[in-house]
Amino acid sequence: MTSTLARPESPFARAITDGLEPKNWIIAVAILMGWHADRLAGVAWGLVAALFAAAIPIMFIKFGQRRGYWGDRHVRRRQDRLILIPGIIASVATGMLLMGVLGAPREMIALVTAMLATLVTILAITTAWKISVHTAVSSGAIAMLAMAYGPWPLGAYPLVLLVGWSRVELRDHTLLQVLAGTALGALVAAATFALLR
């Protein structure tokens, strides 16, 4: 009887998956979009957006991880994502409403609404299939930045490919799942952002 040894995990792929996880993209795009919308005052709005779209969701993820609801911060099992994503949607929607009431720049409200639309679409797909949130968020972030700043942010798209490679290499997603996430993130986020900005 022969035993099959599991392939060791790639430290480089793990570093990419962890370093370029969705919360880091969300914080970066919120601050950069804030700067574009209203310079330093806009950055403050970006921090509010990052609070509701990144910081509160990561606290929710860590709480569930400590309680044993899911194994790690990337929430690998599809059924666990069906519990987690509605909570994140509630946080992002709360942030969007608060920013609207307090008079955030239109571009910042468009950004958070685009995040919300992407999350709702991801949730709908996740009921049947495990699409990549990593590539959806990174691709959507770059697409929206390109709409605000011009084409130069598109030069960061190789990072999305690198993120996708890391997800496949770590066996958290298939190639089709990361490609679908990449397309979904760009299309849904960009279309929503373009409509509302």
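In case it helps, the working numbering puts the sequence shown at residues -17 to 179. From the three backbone atoms N, C-alpha and C, an ideal C-beta is built for every residue, glycine too.
- Task: Look at the alpha carbon of Tyr131 and the alpha carbon of Arg(-11), and state the distance between them as a whole number of angstroms.
- Result: 42 Å
- For Arg179, count neighbouring C-beta atoms within 10 Å of its own C-beta (all shown protein chains included) and say buried if the count is 16 or more, exposed if not. buried
- Between the Cα of Ala125 and those of Leu93, Leu152 and Ala19, spot the shortest distance and give me the residue it belongs to. Leu93
- Look up Asp20 in the DSSP assignment and say whether it is helix, strand or coil. helix
- Message: Does the CB of Ala31 have a neighbour CB from chain D at under 8 Å?
- Response: The displayed structure is made up of one protein chain only, and chain D is not part of it.
- If you draw a straight line from the alpha carbon of Ala99 to that of Ala171, how long is it in whole angstroms? 7 Å
- Message: Suppose the cutoff is 8 Å on Cβ atoms and the five residues either side in sequence are ignored; what does the same chain contact list for Glu3 look like?
- Response: Arg55, His56 and His116
- Task: Reducing DSSP to helix, strand and coil, say where Leu2 ends up.
- Result: coil
- Task: Indicate the three-state DSSP secondary structure (helix, strand or coil) for Arg44 in the structure shown.
- Result: First, the residue type needs correcting, since residue 44 is Lys and not Arg in the sequence shown. Reduced to three states, the DSSP call for Lys44 is helix.
- Message: Just verifying my parser: in three-state terms, what is the DSSP assignment at Ile113?
- Response: coil
- Kindly indicate which three-state DSSP category Gly53 falls into: helix, strand or coil? coil
- Could you tell me how far apart the beta carbons of Gly69 and Phe42 are, in whole angstroms, since I believe they sit closer than 8 Å? 5 Å
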